[in-house]
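Colleague:
Protein chains: 2
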Amino acid sequence: MTSVPLGPGGEFDRVRAIAAALGSDARGLGDDCAVLPGDRESLVLSTDLSVEGVHFRRDWLSLEEIGWRAAASALSDLASAGAECTGLLAAVTVPGDASESDLVALMKGVGAAARHAGGAVLGGDLSRAPAWSVAVTVVGRAARPVGRAGARAGDTLWVTGALGGARLALEAWTAGREPGRRARAAFAHPLPRIAAGRWLAAHGATAMIDLSDGLGADAAHVAAASGTRLEIDLDRVPLAPGAPDASGGEDYELLAALPPVFGEADAAACAAECGVTLTRIGRVVAGAGLTVTRNGESVQLHGFDHFA
Amino acid sequence: MTSVPLGPGGEFDRVRAIAAALGSDARGLGDDCAVLPGDRESLVLSTDLSVEGVHFRRDWLSLEEIGWRAAASALSDLASAGAECTGLLAAVTVPGDASESDLVALMKGVGAAARHAGGAVLGGDLSRAPAWSVAVTVVGRAARPVGRAGARAGDTLWVTGALGGARLALEAWTAGREPGRRARAAFAHPLPRIAAGRWLAAHGATAMIDLSDGLGADAAHVAAASGTRLEIDLDRVPLAPGAPDASGGEDYELLAALPPVFGEADAAACAAECGVTLTRIGRVVAGAGLTVTRNGESVQLHGFDHFA
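In order, the protein sequences belong to chains A and B. Quick note: the first sequence, position 195, residue 391 per the numbering used here, numbers continuous. Quick note: the second sequence, position 61, residue 257 per the numbering used here, numbers continuous.
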């Protein structure tokens, strides 16, 4: 078995069971991306599923937004590897009552996200099915792909952008309200941090992950994969306007471990060059697992499980 | 728009509409595989969807067979490009009442097909959904990838193996009967023709396609992409035992156009080296479209449309 150790959670138990059953028929399961080494650079691949009723609802988002969000969540995995985007393939299931223009609208969103990331739609497949779903496979290249497993004691932990916006939108919809404009955009139109991921990889990032499962779950993955302990100070975590805390997932920001020499001046340079803030929220220490504190007291962070 | 011209059919109308709407956000849509040129060899990628109730039924196949078949249908696209297999990624949707062991069984089938093709499972994603579905993205490499667009007047047309077995199984199940052993295997356990595809590419194949949509539909794709006319003599098409004709799709054999110098001795060499028969069934001539004859009379071949 060659899978990367994962943090706790029902969805990750399933990945562990699959990796154990497949043995040598599987390679590297559990990281955000598959990495195929090449002469000058590695090929980086990842697949991400978005399913109606699980990841989105038709009455929340337009089909173009559904397509954008599905592609952006997959492209975010390339960002976490520090890879540039070559393109993507999209496998789309379409309900029987959908029209050709519905399908074209969804694929326009997929195509716009691919272009925004510097790539194009390279292929795909279509089928009817009971519900809309989009499986996006992204293809990228990186001279030095960054995974989850390289964080070392002494590194500091940084996060791009602000967290909690997507959850704020989800909570509004669930309560029957229309979310505010910015929270809605955080959920409907997330921006994969491709430029920041490449910048951080070039500036020594030892581990990166995109915050899809939530800060707590994703930090636990990095700790498990790296064989270190992560300490996060919630008082430092930048929150989206109106967000009560950093719980919930699907913000698609990056969590990066950076070596001790990386400082605030470097973070300012990243912000200037990549157009997204970079905030120090904790550190990597010897040990195992994750400690999250608020006002100096230990707290639990809740994540997001697509099987829950 | 840079898509490859497709033959007639509702599913292909949708691909044409998407390619037209995406413009430069899409590249090369319509061929079996996306091709990304490299220094020494090209990267070859393809995505294939298998959906419960559309491509398979749970009471027909075991979950391991469903996984094998989903992966084999995608791997067959690598075969048609003459590519070797590096590996695959699988995005799987799982109904709420399925167990972890159900999911593991399906993934064992996916993993076995990847190993059979010379690759491994490199990654994937999971989500619950109303129905089982498997979106498999295959990754391969080829020194000279073969597409659909290179057939030239004067080429001869060849097919691997025998056709109609998968349809025979489908007809039995639809009529409430259990299919015969060989027909069942043709549907449940198709063998992607990776070795034959590589052999044919190395021996000058000008165009190849795998027979997923059916001989008629797939030959029409080659004709449209190549800007030539294809003539197929049904009396020459090798049929699976018990199959009344070569209608229907999903046999996952290869249709190849080969230059005039390619003859029966070459076909015998291919059979000896790759373990699958190769039969001449027609030729490529100047013009457009497809002519299919039986006993010298023109006939129609019915294909398979996953939106029908």
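Every residue gets a Cβ at the ideal spot worked out from N, C-alpha and C, and that includes glycine.
(1) Name, going along the chain, the residues of the segment 305-335 of chain B whose beta-carbon falls closer than 8 Å to a beta-carbon of chain A.
(2) Can K304/B and L218/A be called in contact, C-beta distance under 8 Å?
(3) Shorter than 8 Å from the beta carbon of F503/A to some beta carbon of chain B?
(4) Nearest to A384/A by CA position, among S494/A, P233/A, V306/A, is which residue?
(5) Applying the criterion that 16 or more other CB atoms from any shown protein chain within 10 Å of the CB defines a buried residue, is R223/A buried or exposed?
(6) On the CB-based measure, 16 or more other CB atoms within 10 Å of its CB, does E469/B come out buried or exposed?
(7) Applying the criterion that 16 or more other CB atoms from any shown protein chain within 10 Å of the CB defines a buried residue, is D351/A buried or exposed?
(8) Is there contact between the segment 409-418 of chain A and the segment 435-451 of chain A, where contact requires at least three CB pairs shorter than 8 Å?
(9) Quick check on S272/B: buried or exposed, where buried means 16 or more other Cβ atoms within 10 Å of its Cβ?
(10) Would you check if the segment 219-239 of chain B and the segment 359-378 of chain B touch, i.e. whether three or more CB-CB distances between them fall below 8 Å?
(11) Any C-beta of chain B within less than 9 Å: which residues of the segment 249-263 of chain A qualify?
(12) Name, going along the chain, the residues of the segment 408-419 of chain A whose beta-carbon falls closer than 8 Å to a beta-carbon of chain B.
(13) Please look up how many angstroms separate the CB atoms of A266/A and V332/A, rounded, as I've assumed it's under 8 Å.
(14) Roughly how far, in whole angstroms, is the beta-carbon of L175/B from the beta-carbon of A230/A, given that I think they are within contact range, below 8 Å?
(15) Beta carbons nearer than 9 Å to chain A: which residues of the segment 233-245 of chain B have them?
(16) Does the CB of F383/B have a neighbour CB from chain A at under 8 Å?
(17) Nearest-angstrom Cα distance between A279/A and A461/B?
(18) Show which residues of chain B have a CB atom less than 9 Å away from the CB atom of T289/A.
(19) Can you give me the C-alpha to C-alpha distance between V336/B and C281/B, rounded to a whole angstrom?
(20) Taking only beta carbons into account, state which residues of the segment 438-457 of chain B come closer than 8 Å to chain A, listed in chain order.
(21) Using 8 Å as the limit for Cβ to Cβ distance, is L387/B near chain A?
(22) Which one of G438/A, S297/A, V355/A has the shortest CA to CA distance from A365/A?
(23) Along the segment 353-371 of chain B, what residues have a CB closer than 8 Å to any CB found in chain A?
(24) Once you ignore the five residues that flank P388/A on each side, which residues in its own chain have a CB closer than 6 Å to its CB?
(25) Taking only three categories from DSSP, how would you classify D394/B?
(26) Does A379/A have its Cβ less than 8 Å from a Cβ in chain B?
(27) Can you name the residues of chain A whose CB is closer than 9 Å to the CB of T402/B?
(28) Let me know the secondary structure DSSP gives E374/B once reduced to three states.
(29) Does the separation of the CB atoms of D431/B and R490/B fall below 8 Å?
(30) Just mark G292/A as buried or exposed, buried being the case when its beta carbon has 16 or more other beta carbons within 10 Å.
(31) How would you call R373/A, buried or exposed, if buried means at least 16 neighbouring beta carbons within 10 angstroms?
(32) At 8 Å on the CB atoms, spell out the chain B contacts of L299/A, in chain order.
(33) Measure from the C-beta of G343/B to each C-beta in chain D and report whether the shortest distance is under 8 Å.
(34) Are the beta-carbon atoms belonging to S329/A and T289/B less than 8 Å from one another?
(35) Kindly indicate the opening and closing residues of the alpha helix (DSSP H) around W264/A.
(36) Which word fits E493/A, buried or exposed, when buried means at least 16 other C-beta atoms lie within 10 angstroms of its C-beta?
Modeller: Taking the geometry as given:
(1) Taking 8 Å as the Cβ-Cβ cut-off against chain A, the residues of the segment 305-335 of chain B that qualify are G307, A308, A310, R311, A316, V317, L318, G319, G320, D321, L322, S323, R324, A325, P326, A327, S329, A331, T333, V335.
(2) Against a cut-off of 8 Å, the Cβ pair of L218/A and K304/B comes out as a contact.
(3) The pLDDT assigned to F503/A is 48, lower than 50, so where the model puts this residue is not dependable; a value taken from the coordinates is nonetheless given after this. For F503/A, the answer is yes, since a Cβ of chain B falls inside 8 Å of its Cβ.
(4) The residue with the shortest Cα to Cα distance from A384/A is V306/A.
(5) By the Cβ neighbour-count rule, R223/A is buried, with 16 or more other Cβ atoms within 10 Å of its own.
(6) It is exposed - the Cβ of E469/B has fewer than 16 other Cβ atoms within 10 Å.
(7) Label assigned to D351/A: buried.
(8) Using a C-beta cut-off of 8 Å, the segment 409-418 of chain A makes contact with the segment 435-451 of chain A, since at least three inter-stretch Cβ pairs fall below that distance.
(9) Burial call: buried.
(10) The segment 359-378 of chain B, when compared against the segment 219-239 of chain B, does not touch it at the 8 Å Cβ threshold.
(11) Legend: CB atoms of the segment 249-263 of chain A lying less than 9 Å from CB atoms of chain B belong to residues G249, V250, H251.
(12) If you check each beta-carbon in the segment 408-419 of chain A against every beta-carbon of chain B, none falls closer than 8 Å.
(13) Taking 8 Å as the upper bound for CB-CB distance, A266/A and V332/A are in contact here, some 5 Å apart.
(14) The requested residue 175/B does not occur in the structure, where chain B is confined to residues 197 to 504.
(15) Taking 9 Å as the upper bound on Cβ-Cβ separation, chain A lies near residues G234, D235, R236, L239, L241, S242, T243, D244, L245 of the segment 233-245 of chain B.
(16) So, not an interface residue.
(17) Rounded to whole angstroms, the separation of the alpha carbons of A461/B and A279/A is 48 Å.
(18) For T289/A, the residues of chain B that pass the 9 Å Cβ criterion are L245, V247, V250, T289, A325, A327, S329, A331, in the order they occur in the chain.
(19) Reading off the sequence shown, one finds Gly at residue 336/B, where the question assumed Val. Rounded to the nearest angstrom, the gap between the Cα atoms of G336/B and C281/B is 4 Å.
(20) Correct list: empty, as no residue qualifies.
(21) For L387/B, no Cβ of chain A is located within less than 8 Å of the residue's own Cβ.
(22) Of the candidates G438/A, S297/A, V355/A, the one whose C-alpha sits nearest the C-alpha of A365/A is G438/A.
(23) So nothing in the stretch comes that close.
(24) These residues qualify, in order along the chain: A268, L271, S272, A275, A313.
(25) Note on identity: in this sequence residue 394/B is Arg, with Asp being the wrong assignment. The three-state reading of DSSP puts R394/B in helix, counting H, G and I together.
(26) Chain B, which has no Cβ nearer than 8 Å to the Cβ of A379/A, makes this no.
(27) T402/B does not reach chain A, its nearest Cβ partner there being about 21 Å away, counting only Cβ pairs nearer than 9 Å.
(28) Here E374/B sits in coil by DSSP.
(29) Yes; because the gap between Cβ atoms is below 8 Å, this pair is in contact.
(30) Flag for G292/A reads exposed.
(31) That one is exposed.
(32) Residues of chain B passing the Cβ test: R210, A213, I214.
(33) The chain labelled as chain D is not found among the protein chains of the depicted structure, namely A and B.
(34) In this structure, T289/B lies closer than 8 Å to S329/A by Cβ.
(35) For W264/A, the uninterrupted alpha helix (DSSP H) run begins and ends at 259-276, by DSSP.
(36) Around the beta carbon of E493/A, fewer than 16 other beta carbons lie within 10 angstroms, which makes this residue exposed.
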